[in-house]
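Quick note: the sequence shown uses my numbering, first residue 1, plus one each step.
From the three backbone atoms N, C-alpha and C, an ideal C-beta is built for every residue, glycine too.
If you're wondering where the values come from, they're calculated on a predicted model, not measured in any experiment.
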Amino acid sequence: RGIRVAGVNVCDDRAYFVAAIGAICAEAEERWQLGANVTDADIELVDGHVGLGYAKSRPEELATIRDLCRSDGVVLDPVYTGKAFHGVVTELTANPARFGAAVAFIHTGGMYGLFAPSDIAAVL
1 RGIRVAGVNV CDDRAYFVAA IGAICAEAEE RWQLGANVTD ADIELVDGHV
51 GLGYAKSRPE ELATIRDLCR SDGVVLDPVY TGKAFHGVVT ELTANPARFG
101 AAVAFIHTGG MYGLFAPSDI AAVL
């Protein structure tokens with residue numbers, strides 16, 4: 001209803017996420033009868049930002065994460081969320097009108113991606 005949502009896939013491909021998101025939307029519709037019949041055409045994904053692999057970052061991705069942390073105090077993990085944010089920044093740099101006049105990036109978590117497995121095990 002006037003709000004556009006776009007996802008940035010940093011692994012797999014557009015087809016994988018269209019199927020996954022479509023299944024989630026269909027399940028939500030079946031469960032809660034929301035009246036939102038989401039089709040594949042409704043699912044907007046920004047492709048082309050698949051990284052080097054799980055927990056493997058490019059220097060420019062890490063620079064984007066560092067710059068956001070220094071400028072705004074927002075910490076992103078380099079595994080998924082940081083790569084997605086880098087994708088948004090890259091898209092906006094190439095085409096400032098790509099997402100419209102106002103853009104909100106939803107930080108989905110992933111803080112454990114900042115720690116080595118041994119650091120996580122020590123906390124648990």
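Strand pairing of residue i, partner residues [DSSP]
i, result
"Gly7", "Leu45"
Beta-carbon proximity list for residue i, same chain, < 8 Å, skipping 5 on both sides
i, result
"Glu44", "Arg4, Val5, Ala6 and Gly7"
"Asp13", "Asp47 and Val50"
"Pro78", "Ala55, Ser57, Glu61, Leu62, Ile65, Gly113 and Leu114"
"Val103", "Val88 and Leu92"
"Phe99", "Arg4, Ala6, Val88, Glu91 and Leu92"
"Leu34", "Ala28"
Cβ-based neighbour list, residue i, same chain, cut-off 6 Å, excluding 5 preceding and 5 following
i, result
"Lys83", "Val10, Gly51 and Glu61"
"Leu68", "Val74"
Proximal residues to residue i (C-beta, below 7 Å), its chain only, five neighbours per side dropped
i, result
"Pro59", "none"
>> Extract the residue ranges of the alpha helix (DSSP H) inside the segment 45–124, only unbroken runs of 4 or more that lie entirely within it.
In response: 59–72, 81–94 and 117–123
>> Give the list of continuous beta strand (DSSP E) stretches no shorter than 3 residues that lie fully inside the segment 12–47.
In response: With a minimum length of 3 residues, the continuous beta strand (DSSP E) runs that stay inside the segment 12–47 are 44–46.
> How do the segment 5–13 and the segment 48–57 stand: do at least 3 beta-carbon pairs fall below 8 Å, yes or no?
Replying inline: yes
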